[in-house]
Amino acid sequence: DAGITQSPRHKVTETGTPVTLRCHQTENHRYMYWYRQDPGHGLRLIHYSYGVKDTDKGEVSDGYSVSRSKTEDFLLTLESATSSQTSVYFCAISEDRKSYEQYFGPGTRLTVT
Amino acid sequence: GEDVEQSLFLSVREGDSSVINCTYTDSSSTYLYWYKQEPGAGLQLLTYIFSNMDMKQDQRLTVLLNKKDKHLSLRIADTQTGDSAIYFCAESTTDKLIFGTGTRLQVFP
Numbered sequence: 007d008a009g010i011t012q013s014p015r016h017k018v019t020e021t022g023t024p025v026t027l028r029c030h031q032t033e034n035h036r037y038m039y040w041y042r043q044d045p046g047h048g049l050r051l052i053h054y055s056y057g058v059k060d061t062d063k064g065e066v067s068d069g070y071s072v073s074r075s076k077t078e079d080f081l082l083t084l085e086s087a088t089s090s091q092t093s094v095y096f097c098a099i100s101e102d103r104k105s106y107e108q109y110f111g112p113g114t115r116l117t118v119t
Numbered sequence: 103g104e105d106v107e108q109s110l111f112l113s114v115r116e117g118d119s120s121v122i123n124c125t126y127t128d129s130s131s132t133y134l135y136w137y138k139q140e141p142g143a144g145l146q147l148l149t150y151i152f153s154n155m156d157m158k159q160d161q162r163l164t165v166l167l168n169k170k171d172k173h174l175s176l177r178i179a180d181t182q183t184g185d186s187a188i189y190f191c192a193e194s195t196t197d198k199l200i201f202g203t204g205t206r207l208q209v210f211p
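Chains A and B are the protein sequences, given in the same order. Heads up: the first sequence runs through residues 7 to 119, numbered per our numbering. Heads up: the second sequence runs through residues 103 to 211, numbered per our numbering.
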């Protein structure tokens with residue numbers, strides 16, 4: 007398995023609070039991604055990074071921000087959590103864009119009450 | 103726009119073959135993928151096919167690609183209870199993957 011960890015694995019938070027999820031990789035892969043998984047929607051891309059300090063938006067980026075100050079860490083922040091952001095969040099990594107082979111972390115289950 | 107569609111459920115008897123289908127819209131996709139997700143886990147890459155191929159076989163897995171109809175299928179031979187999971191197809195676009203909604207495969211004895 008690719009060396010990808012996510013923390014925390016589970017979190018319950020209240021509406022309006024900020025939340026930060028962390029993805030850590032030991033593979034030295036250039037690309038990192040944040041997805042959310044919801045019933046009936048599959049996986050939807052929130053943000054991705056193609057290098058340190060280089061990030062771009064995905065299809066569902068509203069309400070989320072990201073940062074990547076080191077190759078190995080990619081942080082996802084919910085500035086002010088809402089109930090619609092209750093979801094399972096997955097981080098993924100890939101070595102390059104050419105093959106698009108992505109390897110996934112174990113996920114973080116976030117509940118916003 | 104970009105869209106990948108799959109049926110939601112498939113139920114098969116242990117030992118039978120399973121066929122999971124997927125349709126996609128981006129004819130410029132270079133690669134198409136099948137991922138497996140077991141309960142409580144992340145997605146695991148099962149196999150992928152390059153768009154200039156029409157078939158790829160890997161042990162019990164056979165991937166068929168009909169580029170004209172933009173149709174992708176995954177056949178699992180001799181399906182086992184350990185194959186019970188959600189299966190996602192995905193197509194590659196310029197800078198990201200587009201995932202389908204996933205097909206939940208249930209294998210019964």
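Glycine included, C-beta positions come from ideal geometry on N, C-alpha and C.
Of the residues the options, the one placed nearest residue i, counting alpha carbons only
{"i": "proline 141 of chain B", "options": "B/Ser130, B/Thr195 and B/Ser186", "result": "B/Ser186"}
{"i": "aspartate 60 of chain A", "options": "A/Thr21, A/Arg28 and A/Lys76", "result": "A/Lys76"}
{"i": "threonine 164 of chain B", "options": "B/Asp128, B/Thr195, B/Tyr135 and B/Ala143", "result": "B/Tyr135"}
{"i": "threonine 26 of chain A", "options": "A/Glu107, A/Arg74, A/Gly57 and A/Gly46", "result": "A/Arg74"}
{"i": "leucine 110 of chain B", "options": "B/Val121, B/Gly117 and B/Lys198", "result": "B/Val121"}
{"i": "lysine 169 of chain B", "options": "B/Asp118, B/Asp105, B/Thr127 and B/Gly117", "result": "B/Thr127"}
{"i": "leucine 174 of chain B", "options": "B/Leu112, B/Glu116 and B/Lys158", "result": "B/Lys158"}
{"i": "leucine 171 of chain B", "options": "B/Glu116, B/Leu112 and B/Asn123", "result": "Reading off the sequence, residue 171 of chain B comes out as aspartate, not leucine. It is B/Asn123 whose Cα lies nearest to the Cα of aspartate 171 of chain B."}
Alpha carbon of residue i to alpha carbon of residue j, nearest angstrom
{"i": "glutamine 139 of chain B", "j": "threonine 23 of chain A", "result": "30 Å"}
{"i": "threonine 218 of chain B", "j": "glutamate 65 of chain A", "result": "What the structure shows of chain B is the stretch from 103 to 211, and residue 218 of chain B is not part of that stretch, so it cannot be assessed."}
{"i": "glutamate 107 of chain B", "j": "leucine 147 of chain B", "result": "18 Å"}
{"i": "tyrosine 70 of chain A", "j": "valine 114 of chain B", "result": "40 Å"}
{"i": "leucine 167 of chain B", "j": "arginine 206 of chain B", "result": "21 Å"}
{"i": "valine 209 of chain B", "j": "glutamine 161 of chain B", "result": "19 Å"}
{"i": "asparagine 34 of chain A", "j": "serine 153 of chain B", "result": "28 Å"}
{"i": "tyrosine 95 of chain A", "j": "aspartate 118 of chain B", "result": "34 Å"}
{"i": "threonine 132 of chain B", "j": "threonine 195 of chain B", "result": "7 Å"}
{"i": "leucine 81 of chain A", "j": "valine 72 of chain A", "result": "5 Å"}
{"i": "serine 93 of chain A", "j": "leucine 49 of chain A", "result": "11 Å"}
{"i": "methionine 155 of chain B", "j": "threonine 183 of chain B", "result": "30 Å"}
{"i": "glutamine 108 of chain A", "j": "serine 100 of chain A", "result": "5 Å"}
{"i": "threonine 125 of chain B", "j": "lysine 63 of chain A", "result": "25 Å"}
{"i": "glutamate 85 of chain A", "j": "serine 13 of chain A", "result": "17 Å"}
CB-CB length for residue i against residue j, believed under 8 Å
{"i": "leucine 116 of chain A", "j": "glutamine 91 of chain A", "result": "7 Å"}
{"i": "alanine 98 of chain A", "j": "threonine 19 of chain A", "result": "With 8 Å as the limit, alanine 98 of chain A and threonine 19 of chain A do not qualify as a contact, their Cβ atoms being about 23 Å apart."}
{"i": "lysine 17 of chain A", "j": "threonine 114 of chain A", "result": "7 Å"}
{"i": "glycine 9 of chain A", "j": "glutamine 31 of chain A", "result": "6 Å"}
Which residues DSSP lists as bridging residue i, in chain order
{"i": "methionine 155 of chain B", "result": "Answer is none; methionine 155 of chain B lacks a bridge partner."}
{"i": "leucine 51 of chain A", "result": "A/Tyr41"}
{"i": "threonine 19 of chain A", "result": "A/Val118"}
{"i": "glutamine 208 of chain B", "result": "B/Ser113"}
- Item | Touch test, the stretch 31 to 44 of chain A against the stretch 179 to 194 of chain B, Cβ-Cβ under 8 Å, three pairs minimum | no
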